[in-house]
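Student:
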Amino acid sequence: MPGIRPYSIRQKLTWMNMLVSGAALLLACMALAGYELADFRQTLERRLSTQAQIVGTSSVTALLFNDPAAARNTLSALRAAPNVMSAAIYTAAGVVFAVYSRDGRGGGVPGQAVTPAGTEEHRFTSDQLILTRAIGFQGKNIGTVRIQSDLHEFNDRLLRYTGIVGMVLAASLLAAFLLSSVFQKATARPIMQLAETARVVSREKKYSVRAPVTGNADEIAVLITAFNEMLEQIQERDTALQAAHNELEASVERRTAQLEAVNRELESFTYSVAHDLRAPLRHIQGFAEALREDCANTLDPTALGYVSRVVDSTRRMDQLINDLLGLAQVGRQEMHFRPIELKNLVEDVAREVAEECPGRNIQWHIGELPVVDGDPGLIQLALYNLLSNAVKYTSPRDPAIIDVGTKRDDGERVIFVRDNGVGFNMKYAHKLFGVFERLHRREDFEGTGVGLATVQRIIHKHSGRIWAEAEIDRGATFLFTLEPRA
Amino acid sequence: MTGTARILLVEDDPQDVELTLRALRSENVRSPIEVVRDGEEALDYLFCRGLYAARSPDQPPTLVLVDLKLPKISGLQVIDAMKSNAAFKSIPVIVLSSSGEPRDIAESYRLGVNSYVQKPVDIMEFRKSIRALAQYWLEVNRSPFAQKPLKLQ
Chain W
392 MPGIRPYSIR QKLTWMNMLV SGAALLLACM ALAGYELADF RQTLERRLST QAQIVGTSSV
452 TALLFNDPAA ARNTLSALRA APNVMSAAIY TAAGVVFAVY SRDGRGGGVP GQAVTPAGTE
512 EHRFTSDQLI LTRAIGFQGK NIGTVRIQSD LHEFNDRLLR YTGIVGMVLA ASLLAAFLLS
572 SVFQKATARP IMQLAETARV VSREKKYSVR APVTGNADEI AVLITAFNEM LEQIQERDTA
632 LQAAHNELEA SVERRTAQLE AVNRELESFT YSVAHDLRAP LRHIQGFAEA LREDCANTLD
692 PTALGYVSRV VDSTRRMDQL INDLLGLAQV GRQEMHFRPI ELKNLVEDVA REVAEECPGR
752 NIQWHIGELP VVDGDPGLIQ LALYNLLSNA VKYTSPRDPA IIDVGTKRDD GERVIFVRDN
812 GVGFNMKYAH KLFGVFERLH RREDFEGTGV GLATVQRIIH KHSGRIWAEA EIDRGATFLF
872 TLEPRA
Chain S
13 MTGTARILLV EDDPQDVELT LRALRSENVR SPIEVVRDGE EALDYLFCRG LYAARSPDQP
73 PTLVLVDLKL PKISGLQVID AMKSNAAFKS IPVIVLSSSG EPRDIAESYR LGVNSYVQKP
133 VDIMEFRKSI RALAQYWLEV NRSPFAQKPL KLQ
């Protein structure tokens, strides 16, 4: 109700008080005035009736002796009654016998009037009271008297009453207004204070404020007390929540510190793998090589063969350490997301991989690929591993066919790398992405078993998933997504 | 100041010392090579104090090969001490480290090394690196300390 909202409860209370008291007073005054006026009308009637009776009685002789002058004389006595406008006496036949009028012109007096014997009747018009009365003598109707009176007196009284009612009403409304502004303080002020408190609470989220208590025992006091209790509870809950929040934050901080410690430990571990494990390896290799160079003359071919194997093993160990460090680095590396034109990147990587194995007949089918959000360096590394894997495991094929494309799978955008290579048994698919896990013998295919683990780690860092489908001798397909499942 | 190259090799691991010397010799580097075994000794050598108090300060090394992981004073501290000292600032310093950590490389360059070489496990690769280093720093490059060709054929 938009018409009501702008008024405060204080205004509403004032209006209500004034309307109620005004209405009650108006009704009372009107009833009183109505009664008084009705009573006054009766008084007027009675007076006129008495005058008619006197005139009637006094005119009997005049009527009996047909003396209109005497009747006129009688009528003229009405001059003493200022309310009588005109009067007339009629004979029994209804003919005018004598007329009196205040203005002396005899206006407004009808020419004829007959009234049944012994009756009297009166009639109010808007500004006149007209009374006719039969004049009887010894049980016989000998004429009629008709008196016409104005309602001046009545109207004056009506006006006076209206004025009094108006004045009383105005005075009482003023009194009601003054009184209600005194009393409303007791009622409206606590409500207004409560409203202000509620506003502060909702605006400033300050639950420590309280609405002032009135000390009364009315409903408003109950409301204020309940409101304050509610605030108390909210404050308590707030405090508890804040405490829980602080506790959580502290525990997150603790965990973070622990994680950071573990991370540092891991980092120093990879660091020592990089340095301390590599140094002796370098020495083994260096001195084995020195042995082969400096003592070639004194060593027989078997001994030289063993030296070669030592050198080969150190190279392999070096490769393992390198791959492992690479994997660790992928895990530690900070991600820098950027939009990547996947098709361009795949083409570049395919070219690079192909250049590394000249002489191979490889057919690349690179379909439409999306622009993805990712870390370009890491995505490139993942693609390199996937494509070089595809090239590696298609080495017995001529031509090797490698497809890279995208498809929708259950609403998800999946990117796939499919080859026509040697495939693998799906029974071992779960081992595919494990570190140092290999599904083929080393003499068949080179590798450390870190490549796919690295790919998986990169895909996971992009919130994606990777899986593979394959069949022995029928090729393998690696599928991955680069965004979290919707 | 004479125009002869003097190489200072800062390396704690005797095996590495031997392999590095072997690689240098196999690449026909004949310049005198002084070997110190930790960072403290390296600084003593440079500042002619302690064990090297008798050394003439007029004969600073013309090329320093330094490992990063050293007992007592680390390779990075040695580099820092050299590069923040006016007398040694212009001596080329080359890091020879097993580490390929981006952090180590970045820190070394921040301190002002002239070159960073990761020691490969494969000795043949290592020799290639040494050959390239010797060729560049002892032959191609001109420095205030080396005025004439140093490599003997």
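Which chain is which? The protein sequence lines are W and S, in order. Just so it is clear: in the first sequence, position 90 is 481 by the working numbering, and no numbers are missing. Just so it is clear: in the second sequence, position 109 is 121 by the working numbering, and no numbers are missing. Just so you know, even glycine gets a beta-carbon here, dropped at the ideal spot from N, CA and C. Here the structure is a predicted model, which means the values were calculated and not measured.
1. Rounded to the nearest angstrom, what separates W:THR523 and W:ALA508 at their Cα positions?
2. So, is the C-beta of W:GLY717 closer than 7 Å to a C-beta in chain S?
3. Measure the beta-carbon distance from S:GLY51 to S:GLN89 and round it to whole angstroms, keeping in mind my assumption that it falls under 8 Å.
4. Give me the Cα-Cα distance between W:ARG655 and W:ASN637, rounded to the nearest whole angstrom.
5. If you measure from the beta carbon of S:GLN89 to each beta carbon in chain B, is any gap under 7 Å?
6. So W:GLN626 is in the alpha helix (DSSP H); what residue range does that whole segment cover?
7. Can you name the residues that DSSP bridges to S:PRO199?
8. With DSSP as the reference, please indicate the residues paired to W:TYR491 in a beta bridge.
9. Could you work out which residue in W:GLU680, W:LEU718, W:GLU512, W:ILE533 is closest to W:LEU769 when comparing CA atoms only?
10. Quick one: what does DSSP say S:LEU55 is sitting in, helix, strand or coil?
11. Only counting the same chain, and skipping five residues up and downstream in sequence, which positions put a Cβ closer than 6 Å to that of W:ASN752?
12. For W:GLN584, name the three-state secondary structure that DSSP assigns.
13. When you compare only the Cα positions, how much space is there between W:GLY812 and W:SER786?
14. If you compare alpha carbons, which of S:LEU150, S:VAL22, S:ALA17 is closest to S:GLY87?
15. How would you label W:GLY554, buried or exposed, when you count the other beta carbons within 10 angstroms and need 16 or more for buried?
16. Is the shortest distance between the beta-carbon of W:ALA687 and the beta-carbons of chain S less than 7 Å?
17. Please classify W:GLY750: is it buried, with 16 or more other beta-carbons within 10 angstroms of its beta-carbon, or exposed?
18. Enumerate in chain order the residues of its own chain whose CB-to-CB distance from S:ASN194 is below 7 Å, with the five nearest sequence positions on each side excluded.
19. Quick one: residues in its chain with C-beta nearer than 7 Å to the C-beta of W:PRO767, no 5 flanking neighbours on either side, listed in chain order?
20. Is the CB-CB distance between W:ASP801 and W:GLY866 below 7 Å?
21. What does W:THR845 reach in chain S if we use C-beta pairs closer than 8 Å?
22. In whole angstroms, give me the CA-to-CA distance for W:THR405 and W:GLY413.
23. Compare the C-alpha of W:LYS783 against each of W:VAL795, W:PRO761, W:GLU747, W:MET817 and name the closest.
24. What residue range does the alpha helix (DSSP H) around W:LYS783 cover?
25. With contact counted as at least three CB pairs below 8 Å, one residue from each stretch, are the stretch 451-470 of chain W and the stretch 486-505 of chain W in contact?
26. Compare the C-beta of S:VAL133 with all C-beta atoms of chain W and state if any pair is closer than 7 Å.
27. Which partner residues does S:ASP25 have in the DSSP bridge list?
28. To the nearest angstrom, how far is it from the Cα of W:LEU439 to the Cα of W:ALA566?
29. With 7 Å set as the bound, which would you pick, yes or no: does the beta-carbon of S:GLU23 sit closer than that to a beta-carbon of chain W?
30. Would S:ALA146 pass as an interface residue toward chain W - the criterion being a Cβ-Cβ separation below 7 Å?
31. Near W:VAL591, which residues of its chain fall below 8 Å by C-beta distance, leaving aside the five closest residues on each side in sequence?
32. Return the CA-CA distance between W:THR605 and W:GLN633, expressed in angstroms with no decimal places.
33. With 9 Å as the limit, tell me which residues of the stretch 72-84 of chain S have their beta carbon closer than that to any beta carbon of chain W; keep them in chain order.
34. I need the boundaries of the beta strand (DSSP E) containing W:ASP810, first residue and last residue.
35. Could you tell me whether the Cβ of S:SER102 comes closer than 7 Å to any Cβ of chain W?
36. Kindly list the residues whose CB is nearer than 7 Å to the CB of S:GLU119, restricted to its own chain and excluding five residues on each side of it in sequence; keep chain order.
Tutor: On the basis of the coordinates in this document:
1. 11 Å
2. no
3. 6 Å
4. 26 Å
5. Chain labels in this structure do not include chain B; the protein chains are W and S.
6. 610-663
7. Residue 199 of chain S is absent from the model: chain S starts at 13 and stops at 165.
8. In the DSSP output, where bridge partners are listed per residue, W:TYR491 has W:ALA478.
9. W:LEU718
10. Three-state DSSP puts S:LEU55 in a helix.
11. ASP789, PRO790
12. helix
13. The alpha-carbon atoms of W:GLY812 and W:SER786 are separated by roughly 7 Å.
14. S:VAL22
15. Classification for W:GLY554: exposed.
16. W:ALA687 does not count as touching chain S.
17. Under this definition W:GLY750 is an exposed residue.
18. Since the first residue of chain S shown is 13 and the last is 165, residue 194 of chain S is not available in this structure.
19. Contacts found: ARG729, ILE731.
20. Not in contact: W:ASP801 and W:GLY866 (Cβ atoms no closer than 7 Å).
21. Against W:THR845, chain S offers no close residue; the least beta-carbon distance is about 17 Å (beta-carbon pairs closer than 8 Å).
22. 12 Å
23. W:GLU747
24. 767-784
25. yes
26. yes
27. Paired residues: none, contrary to the question.
28. Separation of W:LEU439 and W:ALA566 (C-alpha to C-alpha, rounded to the nearest whole angstrom) is 43 Å.
29. Answer no: the Cβ-Cβ gap between S:GLU23 and chain W never drops below 7 Å.
30. For S:ALA146, the answer is no, since every Cβ of chain W falls outside 7 Å of its Cβ.
31. LYS597, VAL600
32. 32 Å
33. LEU80, LYS81
34. 803-810
35. no
36. LEU88
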